[in-house]
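**Q** The structure's right below; bear with me while I get my questions together.
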Amino acid sequence: MEAVRGDGRWCVVTGGRGFAARHLVTMLLRSGEWRVRVADLGPAITLDRDEEEGFLGAALREGQAVYVSADLRDKAQVARAFEGAEVVFHMAAPDSSINNFHLHYGVNVDGTKNVIDTCIRCKVKRLIYTSSPSVVFDGVHGIFNADESMPYPDKFNDSYSETKADAEKLVMRANGREGLLTCCIRPSSIFGPGDKLMVPSLVAAARAGKSKYIIGDGNNYYDFTYVENVAYGHVCAEKTLSSEDGAKIAAGKTYFITNMEPIKFWEFMSLILEGLGYERPSVKIPVSVMMPVAHVVEWTYQKFAKYGMKVPQLTPSRIRLLSCNRTFSCSRAKEQLGYEPLVSLKDGVKRTVESYSHLQAQNHRSISKASIFLGNGNLAKTVLWEDAKQTVTVLLLLAVIYYHLFTCGYTFITAMAKLLSLTALFLFIHGMLPSNLFGHKVEKLEASNFHITQAQAHHIANSISSNWNSLVSALRSLCRGNDWLLFLKAC
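Residue 92 in UniProt numbering sits at position 92 of the sequence shown, and the numbers go up by one each step.
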C-alpha cells in the first residue's frame with residue numbers, strides 16, 4: 001500500500017509504538033498532511049505483518065515516517081527526536097498497572113518537563129498531551145458524567161494517576177511560553193485492535209476459570225473509548241489549536257474523550273468475553289471481601305518484586321477501578337474541538353472481537369495449571385467453579401455440616417445422628433419428586449448408587465480386619481515392652 005505524501009511538515013508522536021499511539025500514527029499518515037516521526041524506547045522499530053503492508057510500512061520506506069529511539073528522561077535524545085517538528089503528540093507513559101512511583105515520576109513528570117523544555121527550544125508550535133481521566137479519581141468516590149471543572153482529588157488512587165496529574169499541570173502551565181500552544185486529552189478506558197492489556201488479560205482470566213466473578217454489585221457504569229476515536233480526538237485538538245480562533249478557545253485546556261455511550265462495566269466485559277466464546281461473569285463478590293485479599297497481594301508484590309515476582313492483577317487500586325462508576329461528559333470536546341466518535345461502541349466491540357480471533361475459546365484446548373494440580377476431575381470443577389451448580393451444592397453441604405458439628409453445641413454423636421436424619425429426609429423427598437418439575441428435569445438417584453457388590457464388601461471387610469489386627473499386634477508388643485523402638489515411634 002502506498003502512503004499519501006505529506007506537504008513536508010513534521011510531527012512527533014512520543015511513545016509511538018504504544019497501543020493508542022499506533023492508531024494515531026496511522027491516522028496522521030492517512031491524512032496526507034503530515035510526515036511522522038515515531039519516537040519510542042526501543043533501539044529499532046519492528047513491524048508486524050499488517051503494519052509492514054499498511055501505511056506505516058510504506059511511509060517508512062518512502063521517508064514519510066521515520067523511527068527515532070528516545071528515552072524521554074534524556075534531553076539530548078528528546079532534542080534529536082523533536083528537531084524541525086511543528087507539532088508534538090506526547091503519548092508516552094509506563095504501563096498504568098505497574099504501581100511504581102519512581103518509574104511513573106521519572107517518565108510522566110521528569111520526562112514531560114524535558115518534552116516541554118525541548119518543545120520551546122526547538123520552537124515546536126503545538127503540544128498535545130495524552131493525559132487520563134484517572135487524574136480526577138480518588139479511588140473512593142464514583143464519578144458520574146463529570147466535566148472538566150471537576151478538581152484534582154486530595155489523594156489519588158495510585159502513582160500512575162498522581163504523576164499523570166502532575167504532568168498535566170506542567171503542560172497546562174507551559175501554554176503560551178514563547179509561543180507554544182498546549183492542551184490535554186483525557187481518553188477514558190481505551191479498547192480496540194492491538195490492545196495488549198485488557199483483552200489478553202480477560203482471556204487469560206477466562207481460561208483460568210476466573211472470569212465468572214463480578215467484583216461489587218455489577219451496576220457500576222463506565223465510559224469506554226474505541227481507540228480510533230481516541231486518535232481522532234488528538235487530531236481534532238491539533239486542528240483546533242492550529243487556527244487562531246481555535247487556539248483562543250482550546251489552548252491551555254483539558255478535554256475528556258469517550259464514545260459518549262456509558263455502559264455497565266461488567267456488561268462491556270461480558271460483550272467481549274461472549275464475543276470470543278467465553279462465559280460471561282455472573283458470580284458477584286463484595287468489594288469488602290476482595291479488598292483485604294488485594295492488600296495482602298500488593299504487600300507480597302512489594303516485598304518480592306525484586307526477586308522477579310510478576311505484577312499482580314489483584315491490587316487495591318484495580319479493585320476500586322472495577323467497582324466504581326466512571327463516566328465523563330464530552331460536551332466541551334464536542335463544542336470546542338468538533339469531536340464526534342467515528343466508531344460506535346457496538347461496532348468497536350465487533351471490530352475488537354474480530355481482531356482477536358486467535359484468542360477464541362474454540363482455539364483453546366489446554367488445561368489450566370490449577371485444574372491439573374487438582375486432578376482435572378470433579379474436585380477441579382468444584383473448586384475452580386467450572387460447574388456452578390456442583391460448587392453451590394458442595395458449599396451448602398459444607399455449611400450444614402459445619403453448623404451441626406461446630407456451632408450448634410451438639411455432641412458429636414447427636415450431630416452425626418441429625419446429619420443422617422437430614423440425609424434420609426432429603427433422599428425421601430428427592431425420591432418423591434416427579435421427573436419433571438416446573439419445566440426442569442429432576443435427575444433421579446438410581447437405587448444402584450447405594451448398592452455394594454459382594455467383591456466391594458469383601459474388600460472393605462478385609463481392610464478393616466487387617467487394620468484391626470495390625471493395631472492389636474502393635475499394642476500387644478508395646479504392652480510387653482519387647483520393642484522399644486516401636487514404642488518411641490508411636491510416641
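By construction, the Cβ of each residue, glycine as well, lies at the ideal position given by its N, Cα and C atoms.
1. Which residue wins for smallest C-alpha separation from D245, given the options Q390, G176, Q336?
2. Tell me which residue opens and which closes the alpha helix (DSSP H) that C119 is part of.
3. Name, in chain order, the residues that DSSP records as bridge partners for S134.
4. So E279 and L273 are in contact, right, with Cβ under 8 angstroms, and what is the actual spacing, rounded?
5. How about C324 and A237: are their beta carbons less than 9 angstroms apart?
6. If you draw a straight line from the alpha carbon of N108 to that of T258, how long is it in whole angstroms?
7. So, for G194: in the same chain, excluding its five sequence neighbours on each side, which residues have a beta-carbon less than 8 angstroms away from its beta-carbon?
8. For P316 versus G142, is the C-beta distance shorter than 9 angstroms?
9. Considering Cα atoms alone, identify which of V283, S131, G176, R186 is closest to T163.
10. Looking at C-alpha atoms only, which residue of Y255, K303, D95, M27 is the closest neighbour of E148?
11. Tell me the DSSP bridge mates of L127?
12. Go to D40, then tell me how far its beta strand (DSSP E) extends in each direction, as first and last residue.
13. So what does DSSP say about A65, is it helix, strand or coil?
14. Where do the N-terminal and C-terminal ends of the alpha helix (DSSP H) with F144 fall, by residue?
15. Can you say whether H459 is buried or exposed, counting buried as having 16 or more other CB atoms within 10 angstroms of its CB?
16. What's the gap between the Cα of residue 499 and the Cα of T453?
17. My understanding is that I215 touches V171, with C-beta atoms under 8 angstroms, so please give their C-beta distance in whole angstroms.
18. Kindly list the residues whose CB is nearer than 8 angstroms to the CB of R332, restricted to its own chain and excluding five residues on each side of it in sequence; keep chain order.
19. Since I believe N175 is in contact with A251 (beta carbons under 8 angstroms), could you give me their beta-carbon distance rounded to a whole number of angstroms?
20. Do you know whose CA, among P262, V343, P292, A305, lies nearest F328's CA?
21. Would you call R61 buried or exposed, if buried means 16 or more other Cβ atoms sit within 10 Å of its Cβ?
22. Between V36 and C11, which are expected to be in contact by the criterion C-beta below 8 angstroms, what is the C-beta distance as a whole number of angstroms?
23. Output yes or no for whether 9 angstroms exceeds the beta carbon distance between V124 and V68.
24. Considering only C-alpha positions, which residue in the set L41, G84, V472, G16 is nearest to D71?
25. What is the DSSP secondary structure of F19, reduced to helix, strand or coil?
26. Give the straight-line distance between the Cα atoms of L314 and A294, rounded to the nearest whole angstrom.
27. Give me the Cα-Cα distance between T240 and Y339, rounded to the nearest whole angstrom.
28. Out of curiosity, what's the CA-to-CA distance linking K264 and E51?
29. So, using beta-carbon positions, are G111 and I185 closer together than 9 angstroms?
30. List the endpoints of the continuous beta strand (DSSP E) containing F256.
31. Can you tell me the Cα-Cα spacing of L359 and L422, whole angstroms?
32. State the CB to CB distance for the pair L29 and L56, rounded to an integer number of angstroms; the pair is presumed to be in contact (CB under 8 angstroms).
33. Would you mind reading off the limits of the beta strand (DSSP E) that contains T327?
34. Tell whether a beta-carbon distance below 9 angstroms holds between I120 and R177.
35. Nearest to K169 by CA position, among Y152, K248, S159, Y160, is which residue?
**A** In this structure, then:
1. Q336
2. 111-121
3. Its beta-bridge partners do not exist; DSSP assigns none.
4. 7 angstroms
5. no
6. 22 angstroms
7. F19, R22, H23, V227, S355
8. no
9. S131
10. Y255
11. V88, T182
12. 35-40
13. strand
14. Taken as a continuous stretch (DSSP letters only), F144 belongs to no alpha helix (DSSP H), being part of the beta strand (DSSP E) at 143-146.
15. exposed
16. The requested residue 499 is not part of the displayed model; the chain covers only 1 to 491.
17. Not quite, the Cβ-Cβ distance comes to about 33 angstroms (not below 8 angstroms), so this is no contact.
18. D147, E148, K253, Y255, F256
19. 5 angstroms
20. P262
21. exposed
22. 6 angstroms
23. no
24. L41
25. helix
26. 5 angstroms
27. 10 angstroms
28. 34 angstroms
29. no
30. 254-257
31. 47 angstroms
32. 7 angstroms
33. 326-328
34. yes
35. Y152
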